[in-house]
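To start, the structure under review is shown below, and the notes come after it.
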Amino acid sequence: MTNKGITPREKDYSQWYLDIIERAELAENSSVRGCMVIKPYGFAIWEKIQAELNRRIKSMGVSNAYFPLFIPKSFFSKEAQHIKGFAKECAVVTHYRLKETEDGKGVEVDPEAKLEEELIVRPTSETIMYDTFSRWVTSWRDLPLKINQWANIVRWEKRTRPFLRTTEFLWQEGHTVHMSHEESQKQVLDALEMYKSFAREVLALDTYTGKKSESEKFAGALDTYGVEALMQDGKALQFGTSHDLGQNFSKSFEIKYADKDGEVKYPWQTSWGVSTRMMGAVIMSHSDDLGLVLPPIIAPIKVVVIPIFKDENKDEVMKFTQNITGQITKKIEDTHIDDREYLSPGFKFNEWEKKGVPIRIEIGKRDIEKDSVTIVRRDINEKKEIKVDDIVGEIERVLIDIQESLLRRSTEILKKGTHTVESYDEFKKILLGDKGFIKSYWCGSKECEDGIKYDSKATTRCFSKEGSGKCIYCGKESKKEWVFAIPY
RNA sequence: CGGGGAAUAGUUCAGAUGGCUAGAACGCUGCGUUUGGGACGCAGAGGUCGCAGGUUCAAGUCCUGUUUCCCCGACCA
Numbered sequence: 042m043t044n045k046g047i048t049p050r051e052k053d054y055s056q057w058y059l060d061i062i063e064r065a066e067l068a069e070n071s072s073v074r075g076c077m078v079i080k081p082y083g084f085a086i087w088e089k090i091q092a093e094l095n096r097r098i099k100s101m102g103v104s105n106a107y108f109p110l111f112i113p114k115s116f117f118s119k120e121a122q123h124i125k126g127f128a129k130e131c132a133v134v135t136h137y138r139l140k141e142t143e144d145g146k147g148v149e150v151d152p153e154a155k156l157e158e159e160l161i162v163r164p165t166s167e168t169i170m171y172d173t174f175s176r177w178v179t180s181w182r183d184l185p186l187k188i189n190q191w192a193n194i195v196r197w198e199k200r201t202r203p204f205l206r207t208t209e210f211l212w213q214e215g216h217t218v219h220m221s222h223e224e225s226q227k228q229v230l231d232a233l234e235m236y237k238s239f240a241r242e243v244l245a246l247d248t249y250t251g252k253k254s255e256s257e258k259f260a261g262a263l264d265t266y267g268v269e270a271l272m273q274d275g276k277a278l279q280f281g282t283s284h285d286l287g288q289n290f291s292k293s294f295e296i297k298y299a300d301k302d303g304e305v306k307y308p309w310q311t312s313w314g315v316s317t318r319m320m321g322a323v324i325m326s327h328s329d330d331l332g333l334v335l336p337p338i339i340a341p342i343k344v345v346v347i348p349i350f351k352d353e354n355k356d357e358v359m360k361f362t363q364n365i366t367g368q369i370t371k372k373i374e375d376t377h378i379d380d381r382e383y384l385s386p387g388f389k390f391n392e393w394e395k396k397g398v399p400i401r402i403e404i405g406k407r408d409i410e411k412d413s414v415t416i417v418r419r420d421i422n423e424k425k426e427i428k429v430d431d432i433v434g435e436i437e438r439v440l441i442d443i444q445e446s447l448l449r450r451s452t453e454i455l456k457k458g459t460h461t462v463e464s465y466d467e468f469k470k471i472l473l474g475d476k477g478f479i480k481s482y483w484c485g486s487k488e489c490e491d492g493i494k495y496d497s498k499a500t501t502r503c504f505s506k507e508g509s510g511k512c513i514y515c516g517k518e519s520k521k522e523w524v525f526a527i528p529y
């Protein structure tokens, strides 16, 4: 079987993606600015991700909260860099009421109902949260303050793509406030590490993590760190960020506390987040030509049982199936029997493969006679007969094995897709061909970064390591190695 | 905002040079036969051909305007 991988192009999107999402039709004859509907099955995947991530976030001592969708324009303009970075992609609420049109056939914006101050639909929540934080933080006893929120946000991007860049998306954003820079820097790295291990252990994705270059960092941050995964087409996908905000926001939002020594000080802040883009990363990394492949931990259905019967043996097969499923369900909750009578087994096999269910169990007359069942694992599409007495143990083992082998595969792909190059010609050649990550030295100048981007569309994804070499573009001595790739 | 496409059934599309009473596949509904890898037969529902003008005996097809979508850039999680 070939495996060209899944790219978020319309063709792919209109086929098996449709089990998960569809385009939102927000206006007649069009879809407005790349909004998507997440269907029940897709949302169930998101809920699995949320549950796992929430556990890890809370274990860092972070509490969940919720802040408003609307941000007063004045809040937004308090931090100069921040507004610069986001101004061009904000949805703005200017009115609060509609009225009937004169012909009585529709509605229009009521010009009388103009807002005194416009409201921005949050593109991120730093400003509205930190305005509140300024009242929550008054003493060293209030610190560290660690808040997370699950929310939707809107960024009016010029171009959208399903999952990877939708106008509205769901995410988790953590915001913390600390007494010292050492402490906040540790938080930044802890969050980054949490994302990296989450990607490995839950999503079965190996990634590069590290500091971003000056031009790639978050608007208003001192430093930004990113989590970068490699997609099957050789492009890089950043799906998590962690920012060291320094005192930039605490100073502009007047977050102050009285320290033990009696002095009033500005605290140090961090923010970090991952979005539904992560689902895109999972889909694009693991899927094959048969459809989605889900790591068992985030699969809404881990095991699907398909009874295969004719009219004359239906009762016998169903009884056997229910008995087996009952045993499995005791250990593996996400087990589903597909007993729809109007569909052929072949149709069902295909349907659950498209949906990425890790294990399929087929039970028919032939199995019952041998007191066994047929089990098929989605990742390698291997069919195997197993005896009924060991079924639960075997399924548990296979689920773990799928999870682990997906990660192994991801690690291999990352390793194979990472290149070191001697010359700039080689650098460009790789990016024209199979693409992937390239580790090379860069002098740090904007000219070189821009030049590289112009030639090959590649940008620095994150810092790799200290060392010594020559800038791949200009040849000057350089102390820093960076990871380059063409990003989504 | 630049450069390319495109808009016809729920979806994907076909309908050179005008003749259409607008088609196919998949999907949908009903009945029957099926069911170990996307079942089959028969019957059916479904369209002011993006919108507005114009040319013509005749426009899905030609002309003008307009709107929207997609792809490639610039911007970005």
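If you want the numbering used here, it's the position in the first sequence, counting the first as 1, plus 41.
For every residue, glycine included, the Cβ atom is placed at its ideal position computed from N, Cα and C.
- Per DSSP, the continuous beta strand (DSSP E) segment holding Q310 begins and ends at W309 to S316.
- Non-local beta-carbon contacts of E158 in its own chain, meaning distances under 8 Å to residues more than five positions away in sequence, involve P113, K114 and S115 in chain order.
- Shown here, Q213 sits in a strand according to DSSP, grouped into three states.
- The beta strand (DSSP E) runs of length 3 or more contained entirely in the region 358-410 are, from start to end of the chain, 376-378 and 400-404.
- Per the coordinates, the alpha-carbon of E392 lies some 21 Å from the alpha-carbon of L447.
- Of the residues assessed, Y495 falls on the exposed side of the cut-off, its CB having fewer than 16 other CB atoms within 10 angstroms.
- Residue pairing by DSSP places K252 opposite Y266 in a beta bridge.
- Under the three-state reduction of DSSP output, L156 falls in the strand class.
- Nearest to V162 by C-alpha distance, out of K140, K129, S175 and N189, is K129.
- I338 is positioned such that its CB atom lies no closer than 8 Å to that of V439.
- For A106, the closest of R64, Y82, S166 and Q122 by C-alpha to C-alpha distance is S166.
- Using a C-beta cut-off of 8 Å, the region 398-414 makes contact with the region 328-346, since at least three inter-stretch Cβ pairs fall below that distance.
- As computed with DSSP, N189 is found in a beta bridge with N105 and G215.
- DSSP, reduced to helix, strand and coil, places M220 outside both helices and strands of the structure shown, so it counts as coil.
- DSSP, reduced to helix, strand and coil, places L335 outside both helices and strands of the structure shown, so it counts as coil.
- Residue W197 holds the alpha-carbon nearest to the alpha-carbon of G75 among W197, Q190, P152 and L94.
- The C-beta separation of S283 from Y266 comes to about 5 Å, placing the pair in contact by the 8 Å criterion.
- Annotation for L94: the continuous alpha helix (DSSP H) segment containing it runs P81 to K99.
- Here F239 is not near L331, since their CB atoms are 8 Å or more apart.
- Taking C-beta atoms as the reference points, I90 and V78 fail to come closer than 8 Å.
- Assigned with DSSP and collapsed to three states, K476 falls in coil, not helix or strand.
- Distance check between V344 and each of T142, P164, V268 and E394 places E394 closest, using alpha-carbon atoms only.
- Membership of K506 in the beta strand (DSSP E) is indicated by the continuous run T500 to K511.
- T461 sits in a strand when the DSSP states are folded into three classes.
- In this structure, I416 keeps its C-beta atom at 8 Å or more from the C-beta atom of K428.
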